[in-house]
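**Q** Structure below; questions to follow.
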Amino acid sequence: MRRLRSTAVVLAAALVVPMVTAGTAAARPARGPVDPKTPSIPQRYLDQQISWAPCAFDAAIKASYPQAPTTNCAKVKVPMDWANPNAHPDVEVAIAYSKATGTSKGLMTTNPGGPGGAGLRLSAALGTEKPQLFSDFDLLGFDPRGFGASTPLRCVTTAEKLNALPTTPDYKERTAQTHKVEVAEAKLYAEACAAEEFGQFVSSQQTVYDMEFLRALFKARQLNFIGYSYGTWLGGWYADAYPQRVGRFVIDSNMDWTHTQWENVNFDPFSGQRRRDTQFFPWIGRHADQIQGLGATPAQVKAKYNQIRAGVIKLVKANRSDVQGVDLDGKIYSVIYGNVRFIRGTMDVLVHDEFVKDPPASKKIEAKHIDRAWARLAPELQAFDTIAAIRARYNVTVAATAVETMAASSDSVRTLLADARADARTMAAGEPLLLPPVGTTVRCNDTAWNKDPRFYLKEADKMAKKYDFFGYMNGVPMCAFWPYKPQDRKLDLTGSPRLLMVQGELDPATAYEGALRTHRDTSKATRFVAIDDEGQHGQYVGSASACAEAIGDTFVFTGELPARNKICGTTPLPAELTVYPVNGPLDGNAVHLPKSRSTPQKVTPFLQQVLDTVAAGTLR
Numbered sequence: 001m002r003r004l005r006s007t008a009v010v011l012a013a014a015l016v017v018p019m020v021t022a023g024t025a026a027a028r029p030a031r032g033p034v035d036p037k038t039p040s041i042p043q044r045y046l047d048q049q050i051s052w053a054p055c056a057f058d059a060a061i062k063a064s065y066p067q068a069p070t071t072n073c074a075k076v077k078v079p080m081d082w083a084n085p086n087a088h089p090d091v092e093v094a095i096a097y098s099k100a101t102g103t104s105k106g107l108m109t110t111n112p113g114g115p116g117g118a119g120l121r122l123s124a125a126l127g128t129e130k131p132q133l134f135s136d137f138d139l140l141g142f143d144p145r146g147f148g149a150s151t152p153l154r155c156v157t158t159a160e161k162l163n164a165l166p167t168t169p170d171y172k173e174r175t176a177q178t179h180k181v182e183v184a185e186a187k188l189y190a191e192a193c194a195a196e197e198f199g200q201f202v203s204s205q206q207t208v209y210d211m212e213f214l215r216a217l218f219k220a221r222q223l224n225f226i227g228y229s230y231g232t233w234l235g236g237w238y239a240d241a242y243p244q245r246v247g248r249f250v251i252d253s254n255m256d257w258t259h260t261q262w263e264n265v266n267f268d269p270f271s272g273q274r275r276r277d278t279q280f281f282p283w284i285g286r287h288a289d290q291i292q293g294l295g296a297t298p299a300q301v302k303a304k305y306n307q308i309r310a311g312v313i314k315l316v317k318a319n320r321s322d323v324q325g326v327d328l329d330g331k332i333y334s335v336i337y338g339n340v341r342f343i344r345g346t347m348d349v350l351v352h353d354e355f356v357k358d359p360p361a362s363k364k365i366e367a368k369h370i371d372r373a374w375a376r377l378a379p380e381l382q383a384f385d386t387i388a389a390i391r392a393r394y395n396v397t398v399a400a401t402a403v404e405t406m407a408a409s410s411d412s413v414r415t416l417l418a419d420a421r422a423d424a425r426t427m428a429a430g431e432p433l434l435l436p437p438v439g440t441t442v443r444c445n446d447t448a449w450n451k452d453p454r455f456y457l458k459e460a461d462k463m464a465k466k467y468d469f470f471g472y473m474n475g476v477p478m479c480a481f482w483p484y485k486p487q488d489r490k491l492d493l494t495g496s497p498r499l500l501m502v503q504g505e506l507d508p509a510t511a512y513e514g515a516l517r518t519h520r521d522t523s524k525a526t527r528f529v530a531i532d533d534e535g536q537h538g539q540y541v542g543s544a545s546a547c548a549e550a551i552g553d554t555f556v557f558t559g560e561l562p563a564r565n566k567i568c569g570t571t572p573l574p575a576e577l578t579v580y581p582v583n584g585p586l587d588g589n590a591v592h593l594p595k596s597r598s599t600p601q602k603v604t605p606f607l608q609q610v611l612d613t614v615a616a617g618t619l620r
């Protein structure tokens, strides 16, 4: 079987959730979710022999922090279905572990997001940025079931089915042909990822059971946790399932984890466009003297972006480009997760501009486009990245170094399918192949989805008009055709100690409004820290806000939470001296904003690599 390549708080204010419509209610089951029974752990899993060896990334950890303890890796067996341990073959979860160098405060694990983000390296990576984690905790990293080095989710289809898929020059054009394409692609991916029995058990609930097993395996009284993005969903579900086992939980850049997965993804066009239009484009405009040819005002930058994108689509329609408009939009959406990556996002716009000006016979972005784009950045901005990393991002380098691989190309389900179709053209009809596994599988298994594709088509058509950047991004999800019932639960965190929620006001991937709604749903068990005028996705550890970082440190290392919810200020964006206020959900009701000199907001290379890799796969 062939495997395809992967292109790899004003808390009293009224809550406004603009994306939730009357039609959304159809995505919820009539009676609402019911907590599943908590399974026992068969003794054979606790007694299994484990073969440890230093992790492949241990040298990189020690290069970043020489005093780090050795991180060892292994794979442990867990039931495919915790509710029926004997009904299916076992699967494996890849884990990484290091002992505290000082007096241990307990077991600390992490999750980088996704769903589907590989987290094996994350706990150690956080330690390279915050060494007290190494001294105070036994650190555990793991790849969630179905992804990374754990037993993989296999999405099986055939070349014939891929070759039969219809195509569209631009998903943003809401036509009958685009509708046809989205339905066909969703059907195919759902069929592929549900083809084997494991597909129905790649879920948050099963991963929560895996986490509890790992706590028991290491004989820890409680589990401590730092989770980002989807990791907040996972952390919230664990705290609801095992409240007595909750230690110090920091959940950062929160999903609306008391509501459905659909309500969460339906925030994305709104929150992504807010970050782009209120921070990224204005930042480019303010640096017009350091960036050639993109404009000096947000309106000019937006017009230039739209012009470049239109040029890409014109080439696609003329059969002169394999680069699509969704490729540019996807790269920008994921890269603006990080403030320091504004420079990389600017390069993405410039590279596509150079491609439109000089489309090559290869129909692909080439080194010349990257080199010309790089020359349009002033040295002061070039200092935030490297041309080698950008070349690696576009797969135009022979061999990338470890640092260069931080520039991993962004992959969406649509780009994965485009790559798959290209490969399938050279294969025999009916030949089986594996599509890359996608985190959407977890979303399908977690909560109920509307099964009528027309519902999603209408939503995407509406969003494309309302949010012209990426309003079309959701289209028809494969969850509309998912054959399995969700493994859902009703969250209220009864009995859980308080979790620390950290949230930026302008987060592009997890909307502030949704995070606030979840806090209100769980106000007796969560403390909410908001960061005014901050849009970075992922705040605690290497935060742009010293206030939020200090609150997180106090909680993680002493167990002390602030007495009440807090609003923090932040620091300037890269290469700037002041914070530029945004009239966002917090509406300026924050503490006085610092106006000190900006310093490059960089974390250790090893941690940055982990965060960039997860961001690159967020649309999968």
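Here full-length UniProt numbering is used: the first residue of the sequence shown is 1, the next is one more, and so on.
Cβ atoms here follow ideal geometry from the backbone N, Cα and C, with glycine treated the same way.
If the criterion is Cβ atoms closer than 8 Å, does the pair T260 and A511 meet it?
**A** Here the question's residue 260 lines up with position 260 in the sequence shown. Here the question's residue 511 lines up with position 511 in the sequence shown. Taking 8 Å as the Cβ cut-off, T260 and A511 do not qualify as a contacting pair.
**Q** So is A616 buried or exposed if we call it buried at 16+ other beta carbons inside 10 Å?
**A** Indexing the sequence shown from 1 puts residue 616 at position 616. That one is buried.
**Q** With DSSP as the reference, please indicate the residues paired to D138 in a beta bridge.
**A** Within the sequence shown, residue 138 is the residue found at index 138, counting from 1. According to DSSP, which records beta bridges pairwise, D138 is partnered with L107.
**Q** Which first and last residues belong to the beta strand (DSSP E) in which N224 is found?
**A** By one-based count along the sequence shown, residue 224 stands at place 224. Segment 223–228, the beta strand (DSSP E) holding N224.
**Q** Once you ignore the five residues that flank N163 on each side, which residues in its own chain have a CB closer than 6 Å to its CB?
**A** The residue you call residue 163 lines up with position 163 of the sequence shown. Excluding residues within five positions, the ones whose Cβ falls inside 6 Å are A424.
**Q** I need the boundaries of the beta strand (DSSP E) containing S98, first residue and last residue.
**A** One-based indexing of the sequence shown puts residue 98 at position 98. 91–98 is the extent of the beta strand (DSSP E) around S98.
**Q** With 16 as the cutoff for other CB atoms within 10 Å, does V502 come out buried or exposed?
**A** Within the sequence shown, the letter at position 502 stands for residue 502. That one is buried.
**Q** By DSSP, does Q539 sit in helix, in strand, or in coil?
**A** Counting from 1 along the sequence shown, the entry for residue 539 is found at position 539. Reduced to three states, the DSSP call for Q539 is coil.
**Q** Could you name each continuous alpha helix (DSSP H) segment of 4 residues or more that falls completely within the stretch 178–222, going from the start of the chain to the end?
**A** Runs of the alpha helix (DSSP H) inside the stretch 178–222: 204–217.
**Q** Between which residues of its own chain and Q48 is the CB-CB distance below 7 Å, once the five residues before and five after are set aside?
**A** In the sequence shown, the residue the question calls residue 48 occupies position 48. These residues qualify, in order along the chain: V76, K77.
**Q** Give me whichever residues DSSP pairs with C155 in a beta bridge.
**A** Within the sequence shown, numbered from 1, the residue matching residue 155 stands at position 155. Looking at the DSSP assignment, C155 forms a beta bridge with L435.
**Q** For N339 and T128, I'd like the C-alpha separation in whole angstroms.
**A** Here the question's residue 339 lines up with position 339 in the sequence shown. Here the question's residue 128 lines up with position 128 in the sequence shown. Between N339 and T128, the C-alpha separation is close to 20 Å.
**Q** Who are the near neighbours of D327 in its chain, counting only those whose CB is closer than 7 Å to its CB and skipping five residues on each side?
**A** The residue given as residue 327 occupies position 327 in the sequence shown. So the qualifying residues of the chain are T415.
**Q** Return the chain-ordered ranges of every alpha helix (DSSP H) run that is complete within the stretch 321–406 and spans a minimum of 4 residues.
**A** 325–335, 342–357, 367–374, 379–382, 387–393, all fully within the stretch 321–406.
**Q** In this structure, how does DSSP classify T526 when only helix, strand and coil are distinguished?
**A** For the purposes of this step, residue 526 is taken as residue 526 along the sequence shown, with counting starting at 1. Strand, per DSSP.
**Q** Could you check the C-alpha separation between H519 and G247 for me, to the nearest Å?
**A** Looking up residue 519 in the sequence shown gives position 519. Looking up residue 247 in the sequence shown gives position 247. Their Cα atoms are separated by approximately 18 Å.
**Q** Looking at C-beta atoms only, is the number of pairs between the stretch 257–271 and the stretch 549–568 that lie closer than 8 Å three or more?
**A** As far as the Cβ criterion goes, the stretch 257–271 does not touch the stretch 549–568, which means the pair count is below three.
**Q** Can you list, in chain order, the residues of its chain whose CB lies under 6 Å from that of F57, leaving out five sequence neighbours each side?
**A** Walking along the sequence shown from the start, residue 57 turns up at place 57. If we look at F57 and ignore the five residues flanking it on each side, its Cβ neighbours are R121.
**Q** Do you know how far the Cα of Q300 is from the Cα of D612?
**A** Within the sequence shown, residue 612 is the residue found at index 612, counting from 1. Within the sequence shown, residue 300 is the residue found at index 300, counting from 1. Their Cα atoms are separated by approximately 29 Å.
**Q** Could you check whether the Cβ of V326 sits closer than 7 Å to any heavy atom belonging to the ligand ATP?
**A** Among the ligands in the structure shown, none appear at all, so the ligand ATP cannot be discussed.
**Q** Beta-carbon within less than 8 Å of H592's beta-carbon, same chain only, minus the 5 sequence neighbours each way: which residues are those?
**A** Taking the first residue of the sequence shown as 1, we reach residue 592 at position 592. For H592, the predicted model reports a pLDDT of 37, less than 50, meaning its position is unreliable and no value from the coordinates is stated.
**Q** For Q67, I'd like the list of residues in its chain whose CB is within less than 8 Å of its CB, leaving aside the five on either flank, ordered along the chain.
**A** For the purposes of this step, residue 67 is taken as residue 67 along the sequence shown, with counting starting at 1. Correct list, in chain order: T101, P131, F134.
**Q** Would you report the Cα separation of A59 and L153, rounded to the nearest angstrom?
**A** Walking along the sequence shown from the start, residue 59 turns up at place 59. Walking along the sequence shown from the start, residue 153 turns up at place 153. A59 and L153: Cα-Cα distance of roughly 29 Å.
**Q** Considering only DSSP beta bridges, list what D252 is partnered with.
**A** For the purposes of this step, residue 252 is identified with residue 252 of the sequence shown, where counting begins at 1. Y228, V502.
**Q** In chain order, what residues of the same chain have a beta carbon less than 7 Å from the beta carbon of Y45, not counting five sequence neighbours either side?
**A** The residue labelled residue 45 in the question sits at position 45 within the sequence shown. Answer for Y45: K77, V78, F213, listed in chain order.
**Q** Between the Cα of G141 and the Cα atoms of Q177, R454, F225, H179, which residue gives the shortest distance?
**A** Taking the first residue of the sequence shown as position 1, residue 141 is located at position 141. Closest option to G141, Cα to Cα, is F225.
**Q** By the three-class DSSP mapping on this structure, what secondary structure does C568 have?
**A** On the sequence shown, residue 568 is found 568 positions in, with the first residue counted as 1. Looking at C568 - three-state DSSP - the assignment turns out to be strand.
**Q** Quick one: using the 10 Å Cβ neighbour count with 16 as the cut-off for buried, is A361 buried or exposed?
**A** In the sequence shown, counting from the first residue as 1, residue 361 sits at position 361. A361 is exposed by the Cβ-count criterion.
**Q** Throw me the rounded Cβ distance for the L551 and V529 pair, which I believe falls under 8 Å.
**A** To locate residue 551, count along the sequence shown from 1; it is residue 551. To locate residue 529, count along the sequence shown from 1; it is residue 529. A small correction: the amino acid at residue 551 is Ile; Leu does not occupy that position in the sequence shown. That belief holds up - the Cβ atoms of I551 and V529 are roughly 6 Å apart, short of 8 Å.
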